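2 protein chains.
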Amino acid sequence: MKRHVLIFGLVGGLLIATLQYTQYRFVVIEHSVELYSALVAVLFSAFGIWLGLRITRRRETIVVREVLVPATGGGAAPGAAFVPDVATQQRLGVTARELEILALIASGLSNREMAAQLFVSENTVKTHCARVFGKLGEARRTQAVQRGKEMGLLP
Amino acid sequence: MKRHVLIFGLVGGLLIATLQYTQYRFVVIEHSVELYSALVAVLFSAFGIWLGLRITRRRETIVVREVLVPATGGGAAPGAAFVPDVATQQRLGVTARELEILALIASGLSNREMAAQLFVSENTVKTHCARVFGKLGEARRTQAVQRGKEMGLLP
DNA sequence: TGGAAAATCATCCGAAAGGGTGACGACAAG
DNA sequence: CTTGTCGTCACCCTTTCGGATGATTTTCCA
Numbered sequence: 001m002k003r004h005v006l007i008f009g010l011v012g013g014l015l016i017a018t019l020q021y022t023q024y025r026f027v028v029i030e031h032s033v034e035l036y037s038a039l040v041a042v043l044f045s046a047f048g049i050w051l052g053l054r055i056t057r058r059r060e061t062i063v064v065r066e067v068l069v070p071a072t073g074g075g076a077a078p079g080a081a082f083v084p085d086v087a088t089q090q091r092l093g094v095t096a097r098e099l100e101i102l103a104l105i106a107s108g109l110s111n112r113e114m115a116a117q118l119f120v121s122e123n124t125v126k127t128h129c130a131r132v133f134g135k136l137g138e139a140r141r142t143q144a145v146q147r148g149k150e151m152g153l154l155p
Numbered sequence: 156m157k158r159h160v161l162i163f164g165l166v167g168g169l170l171i172a173t174l175q176y177t178q179y180r181f182v183v184i185e186h187s188v189e190l191y192s193a194l195v196a197v198l199f200s201a202f203g204i205w206l207g208l209r210i211t212r213r214r215e216t217i218v219v220r221e222v223l224v225p226a227t228g229g230g231a232a233p234g235a236a237f238v239p240d241v242a243t244q245q246r247l248g249v250t251a252r253e254l255e256i257l258a259l260i261a262s263g264l265s266n267r268e269m270a271a272q273l274f275v276s277e278n279t280v281k282t283h284c285a286r287v288f289g290k291l292g293e294a295r296r297t298q299a300v301q302r303g304k305e306m307g308l309l310p
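Here it is in structure tokens:
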């Protein structure tokens, strides 16, 4: 990355120098700034395109297809029921109810559905959501679910 | 593509006009061409990078490589990169772009963030969302993610 | 080279989600 | 008895999401 910045600087400097030089040649010509501008624009657009391609080189996404031997079955709960990371949970101050809400969020329920399932009001669900979002440091339910999985709070 | 050329022309023309205007302001200042040049360089470099990213987001060449794994059933498959179930994907008619969107949804991004990351408009992201939701038979993003995981479209 | 598929973008509108705040009751601990 | 925590509920407001629909452009294949 530093190399690109360096190249950028070099090209810029070179161009400035070139302009300095050409300025003396065309100093008598009026309205030559537009010419310079166009030149610089085209040049640096090309450079930008090159740079954009360079720094975002298409990494070949090699997809490794797993052919599972029919054993435990990877996806769902493999035998033993999931055990949330109690240490992490207590460290974050996540209560049991909030974790329950988070799990329901992860299963894709809406606030209304959660409220119906837990026999509480939708507002309560929203409060729990807000609390657990705050404790996880996330703002959206999808993010919170992702975070919960990373931290061992969710299967 | 034509639109990009058009945008290029517009930006260029706008800049030329701006320079024309500012030239009268700084006409008394010597050596201001360097300033113009630097301005134009930075501006069009950014534009070029954007354009380069924009017009070259070609379909990533997916190389499917089948590998036998012992089916440990662990959570995050170590080592092996993930593996969308191509059969399921094609059966549902989920395009690569839509699957990409679904993966970003699963990682917790909002539509706006996805749009910024993919260099498309938020509306486009929403369209992709709606399509993939329809194909998965779900209505909410959390549900769609859950479904995608169950069906092997997501890790 | 023409058409199908896919991707892109847009607009309108309603629903859902989220932030902030305040409040009330239960319950355990001091 | 006071205090703190937790669960519960409510209100208002803004943001985000999702559905429906139409249009244009790009890509790809026959």
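First to last, the protein sequences are chains A and B. When you line the first sequence up against my numbering, it's residues 1 to 155, in that order. When you line the second sequence up against my numbering, it's residues 156 to 310, in that order. Ideal placement from N, C-alpha and C gives every residue a C-beta, glycine not left out. Note that the coordinates shown come from a computational prediction; the quantities given were computed from them, not determined experimentally.
Starting from residue i, find everything on chain A with Cβ-Cβ shorter than 8 Å and list it in chain order.
| i | result |
| --- | --- |
| residue 296 (chain B) | 142 |
From the DSSP output, in three-state form, read off residue i for me.
| i | result |
| --- | --- |
| residue 200 (chain B) | helix |
| residue 127 (chain A) | helix |
| residue 225 (chain A) | Any property of residue 225 (chain A) remains undetermined from this structure, which presents chain A solely from 1 to 155. |
| residue 108 (chain A) | coil |
| residue 102 (chain A) | helix |
| residue 223 (chain B) | Below a pLDDT of 50, predicted positions are generally treated as unreliable, and residue 223 (chain B), at 48, falls in that range; no measurement from the model is reported. |
| residue 138 (chain A) | coil |
| residue 78 (chain A) | Its pLDDT being 48, under 50, residue 78 (chain A) is placed unreliably in this model, and the coordinates cannot settle the point. |
| residue 86 (chain A) | helix |
| residue 73 (chain A) | For residue 73 (chain A), the predicted model reports a pLDDT of 39, less than 50, meaning its position is unreliable and no value from the coordinates is stated. |
| residue 28 (chain A) | At residue 28 (chain A) the pLDDT is 41, less than 50, meaning the model places this residue with poor confidence; the figure from the coordinates comes in the next sentence. Of the three classes helix, strand and coil, the one that applies to residue 28 (chain A) here is coil, per DSSP. |
Hey, residue i and residue j are a contact pair by Cβ (cut 8 Å); roughly how many whole angstroms apart?
| i | j | result |
| --- | --- | --- |
| residue 134 (chain A) | residue 102 (chain A) | So it is not a contact: roughly 12 Å between Cβ atoms. |
| residue 265 (chain B) | residue 140 (chain A) | 6 Å |
| residue 308 (chain B) | residue 244 (chain B) | 6 Å |
| residue 93 (chain A) | residue 301 (chain B) | At roughly 26 Å, the Cβ-Cβ gap does not stay under 8 Å, so residue 93 (chain A) and residue 301 (chain B) are not in contact. |
| residue 270 (chain B) | residue 279 (chain B) | 7 Å |
| residue 144 (chain A) | residue 138 (chain A) | 4 Å |
| residue 142 (chain A) | residue 173 (chain B) | Not really, about 43 Å apart at Cβ, beyond 8 Å. |
Just to confirm the assignment, what range does the alpha helix (DSSP H) spanning residue i have?
| i | result |
| --- | --- |
| residue 144 (chain A) | 141 to 150 |
| residue 120 (chain A) | Residue 120 (chain A) -> no alpha helix (DSSP H), and no H or E assigned at all. |
| residue 154 (chain A) | That residue, residue 154 (chain A), is in no alpha helix (DSSP H); it is neither H nor E in DSSP. |
| residue 95 (chain A) | That residue, residue 95 (chain A), is in no alpha helix (DSSP H); it is neither H nor E in DSSP. |
So which residues of chain B does residue i contact, with C-beta pairs closer than 8 Å?
| i | result |
| --- | --- |
| residue 146 (chain A) | 261, 262, 263 |
Does the pairing of the region 245 to 253 of chain B with the region 277 to 287 of chain B give three or more beta-carbon distances under 8 Å? yes
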